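In the UniProt record's numbering, the protein residues as written are 1 to 149. The beta carbon of each residue, even a glycine, is placed where N, CA and C say it ideally should be. No experiment lies behind these values; they were computed from the predicted model shown. Here's the structure we're looking at; comments come further down.
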Amino acid sequence: MECNQALIKVDEYFENRLSDIERHNIKKHLEKCSKCRQEYEDMSFVFNALDNHFINAPDDLADKIMNKIIHFESSKKRSTKVLRNIGASFVAAGIMISLLNFSNYNPIILAKGIFRGAFEINQVVTDPITKLSQGLKYVTDVYINGNGK
Ligand SMILES: [Zn+2]
Numbered sequence: 001m002e003c004n005q006a007l008i009k010v011d012e013y014f015e016n017r018l019s020d021i022e023r024h025n026i027k028k029h030l031e032k033c034s035k036c037r038q039e040y041e042d043m044s045f046v047f048n049a050l051d052n053h054f055i056n057a058p059d060d061l062a063d064k065i066m067n068k069i070i071h072f073e074s075s076k077k078r079s080t081k082v083l084r085n086i087g088a089s090f091v092a093a094g095i096m097i098s099l100l101n102f103s104n105y106n107p108i109i110l111a112k113g114i115f116r117g118a119f120e121i122n123q124v125v126t127d128p129i130t131k132l133s134q135g136l137k138y139v140t141d142v143y144i145n146g147n148g149k
């Protein structure tokens, strides 16, 4: 099993919603892959915390997120910082979508939805952007600045 396949299923694994075969495959992957195991442990920590404590989002959370998105939309600077902000904006957008999707349910389900949304967006958007910017930095260092190894 590949990491991206395992990471997509870890929340279902945590909540015991997988078939025996899938469960076995994920268990085997987590035993040998420290990166995915760390993701699983982080997710377990958050989900356990949510199950044990009633968490309410602050009243001004939606306003703060919208302000960040609006601020980002209005700034058109081109720099590596923008790449990081793009990732953050996608996460914020994911949180907003989760808020809309889950707003009729209890806060635990809402918070889990936010976490899942941010987690999936991180896998799909932020990681590739991080890798791309690391790649660009490497190319710049080696071929333009001439100080690569
Ligand atoms: Zn892995």
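query = When the distance is taken between beta carbons, is residue 1 closer than 8 angstroms to residue 119?
reply = Residue 1 is positioned such that its CB atom lies no closer than 8 angstroms to that of residue 119.
ask   = Given residue 11, which residues of its chain have a CB within under 7 angstroms of its CB, disregarding the five upstream and five downstream residues?
value = Excluding its 5 nearest sequence neighbours in each direction, residue 11 has C-beta neighbours in its own chain below 7 angstroms: 43 and 116, listed in chain order.
task = Could you name the residues of the same chain whose beta carbon sits closer than 7 angstroms to that of residue 112, not counting the 5 residues immediately before and after it, in chain order?
result = These residues qualify, in order along the chain: 47 and 50.
key: residue 136 versus residue 129 - alpha carbon distance   = Looking at the two C-alpha atoms, the distance is approximately 10 angstroms.
query = Anyone know if the C-beta pair for residue 29 and residue 6 falls short of 8 angstroms?
reply = Yes. Within cutoff.
key: Burial state of residue 89, where buried means 16 or more other Cβ atoms lie within 10 Å   = Label assigned to residue 89: buried.
query = Can you tell me the Cα-Cα spacing of residue 38 and residue 26, whole angstroms?
reply = Taking the straight line from one Cα to the other gives about 13 angstroms.
Cβ neighbours of residue 204 in the same chain (closer than 7 angstroms, five flanking residues each side left out) = No answer is possible for residue 204: it lies beyond the span of the chain, which begins at 1 and ends at 149.
Identity of the residue in 8, 20, 3 and 17 nearest residue 32 by Cα = The shortest C-alpha separation from residue 32 is found at 3.
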